[in-house]
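Those letters in the sequence shown? Residues 36 to 263, by the numbering used here.
C-beta: ideal position from N, C-alpha, C; glycine also.
The model shown is predicted, which means the values in this text are computed figures rather than measured ones.
To keep things clear, I will list the structure first and then write my remarks on it.
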Amino acid sequence: MDSPEVTFTLAYLVFAVCFVFTPSEFHSAGLTVQHLLSGWLGSEDAAFVPFHLRRTAATLLCHSLLPLGYYVGMCFAASEKELYFPSQAPEAWQLFLLLAVTLPSAACILIYYWSHDQWAHHPLARTLALYALPHSGWWAVASSINTEFRRIDKFATGAPGARVIVTDTWVMKVTTYRVHVAQQQDVHLIVTESRQHELSPDSNLPIQLLTIHVASAIPAVQAFDIRS
Numbered sequence: 036m037d038s039p040e041v042t043f044t045l046a047y048l049v050f051a052v053c054f055v056f057t058p059s060e061f062h063s064a065g066l067t068v069q070h071l072l073s074g075w076l077g078s079e080d081a082a083f084v085p086f087h088l089r090r091t092a093a094t095l096l097c098h099s100l101l102p103l104g105y106y107v108g109m110c111f112a113a114s115e116k117e118l119y120f121p122s123q124a125p126e127a128w129q130l131f132l133l134l135a136v137t138l139p140s141a142a143c144i145l146i147y148y149w150s151h152d153q154w155a156h157h158p159l160a161r162t163l164a165l166y167a168l169p170h171s172g173w174w175a176v177a178s179s180i181n182t183e184f185r186r187i188d189k190f191a192t193g194a195p196g197a198r199v200i201v202t203d204t205w206v207m208k209v210t211t212y213r214v215h216v217a218q219q220q221d222v223h224l225i226v227t228e229s230r231q232h233e234l235s236p237d238s239n240l241p242i243q244l245l246t247i248h249v250a251s252a253i254p255a256v257q258a259f260d261i262r263s
């Protein structure tokens, strides 16, 4: 590849990795899905569950558009390849374009399925439905979580891509594409890993990092790991 292609490829690769894994610099600059789409996503504090229903869908769609963004950028960085005319582009680039278009198309179909019937098919909504009383729906459980999350006595820790939140009733793990939820009274906590790390070469007080496996008594609720 020519120099402009190499430069753009490396720059876009760095941008894509940072946009997906969002280091602190990107958070400070507001280059996150949550910040860029804050007007549509709403407030996490005001409505925790609706916020994350939309956030996970928006994140999936935005990340699926990254390959297409690379192709569009290469149309300018490598104009001699005539990538803006797919029929005249090299076969390898035609296959890449097909993949770049297929990914967001599949994401749109999945998001449409999730959002159908007021998000009832979203993985988070389906998990909450397992905790709903016989004559109520998942929205009643969501309302309870929203209320508890607004309280100041909740516990929250971790990086944005792997936050752990503990309220009076719930243990939750917020990841990039999913929110894991388990009711405290139904969970089994198992320490699966323990590590000690020195704070500094001069420190005699190591810190202990635990990996805890959270498994619900309800088999259909997916287990998850938290680190503390």
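Burial state of residue i, where buried means 16 or more other Cβ atoms lie within 10 Å
{"i": "M36", "result": "Only weak support exists for where M36 lies, its pLDDT of 48 falling under 50; the coordinates are left without a value."}
{"i": "S263", "result": "exposed"}
{"i": "A127", "result": "exposed"}
{"i": "L245", "result": "exposed"}
{"i": "H232", "result": "exposed"}
{"i": "T162", "result": "buried"}
{"i": "T42", "result": "exposed"}
{"i": "I261", "result": "buried"}
{"i": "F259", "result": "buried"}
{"i": "Y166", "result": "buried"}
{"i": "F83", "result": "buried"}
{"i": "L168", "result": "exposed"}
{"i": "L48", "result": "exposed"}
{"i": "A92", "result": "buried"}
{"i": "A135", "result": "buried"}
{"i": "I144", "result": "exposed"}
{"i": "V52", "result": "exposed"}
{"i": "L133", "result": "exposed"}
{"i": "L118", "result": "buried"}
{"i": "L159", "result": "buried"}
Distance CB(residue i)-CB(residue j) smaller than 8 Å
{"i": "A286", "j": "R198", "result": "Not covered by the structure: residue 286. The range shown for the chain is 36 to 263."}
{"i": "L88", "j": "P139", "result": "no"}
{"i": "A217", "j": "V176", "result": "no"}
{"i": "E228", "j": "T202", "result": "no"}
{"i": "I253", "j": "D221", "result": "yes"}
{"i": "F56", "j": "G196", "result": "yes"}
{"i": "S99", "j": "A164", "result": "no"}
Option in the options with minimal Cα separation from residue i
{"i": "I146", "options": "T42, V249, Y212 and A46", "result": "Y212"}
{"i": "I187", "options": "I200, A194, S178 and A177", "result": "I200"}
{"i": "S150", "options": "L163, P85 and K116", "result": "P85"}
{"i": "A113", "options": "H170, V226 and T44", "result": "T44"}
{"i": "Q243", "options": "K116, V226 and R90", "result": "V226"}
{"i": "H223", "options": "A250, R230, V214 and K208", "result": "A250"}
{"i": "L95", "options": "F54, S178 and W205", "result": "F54"}
{"i": "L72", "options": "R90, H215 and A51", "result": "R90"}
{"i": "V214", "options": "I180, M109 and L133", "result": "I180"}
{"i": "K189", "options": "S38, W174, V206 and L101", "result": "V206"}
Residue i - containing alpha helix (DSSP H), residue span
{"i": "E117", "result": "E117 -> no alpha helix (DSSP H), and no H or E assigned at all."}
{"i": "A20", "result": "There is simply no residue 20 to check, as the chain begins at 36 and stops at 263 in what is shown."}
{"i": "R213", "result": "It is not in any alpha helix (DSSP H) - R213 carries neither H nor E in the DSSP assignment."}
{"i": "S63", "result": "S59 to A64"}
{"i": "S99", "result": "F83 to S99"}
Boundaries of the beta strand (DSSP E) in which residue i is found, first to last residue
{"i": "L159", "result": "Element bounds for L159: not the beta strand (DSSP E) but the alpha helix (DSSP H), P158 to A164."}
{"i": "D188", "result": "Here D188 belongs to no beta strand (DSSP E), and DSSP marks it neither H nor E."}
{"i": "A127", "result": "Looking at the DSSP string, A127 is not in any beta strand (DSSP E); the run it does join, the alpha helix (DSSP H), is E126 to W154."}
{"i": "E228", "result": "V222 to H232"}
{"i": "H248", "result": "I242 to S251"}
{"i": "A197", "result": "A197 to V201"}
Residue i at chain D interface by Cβ criterion, 8 Å
{"i": "H232", "result": "No chain D appears in this structure, which consists of one protein chain only."}
(message) Would you call the segment 122 to 140 in contact with the segment 57 to 73, where contact means no fewer than 3 C-beta pairs closer than 8 Å?
(response) Judged by Cβ distances under 8 Å, the segment 122 to 140 makes no contact with the segment 57 to 73, as fewer than three pairs qualify.
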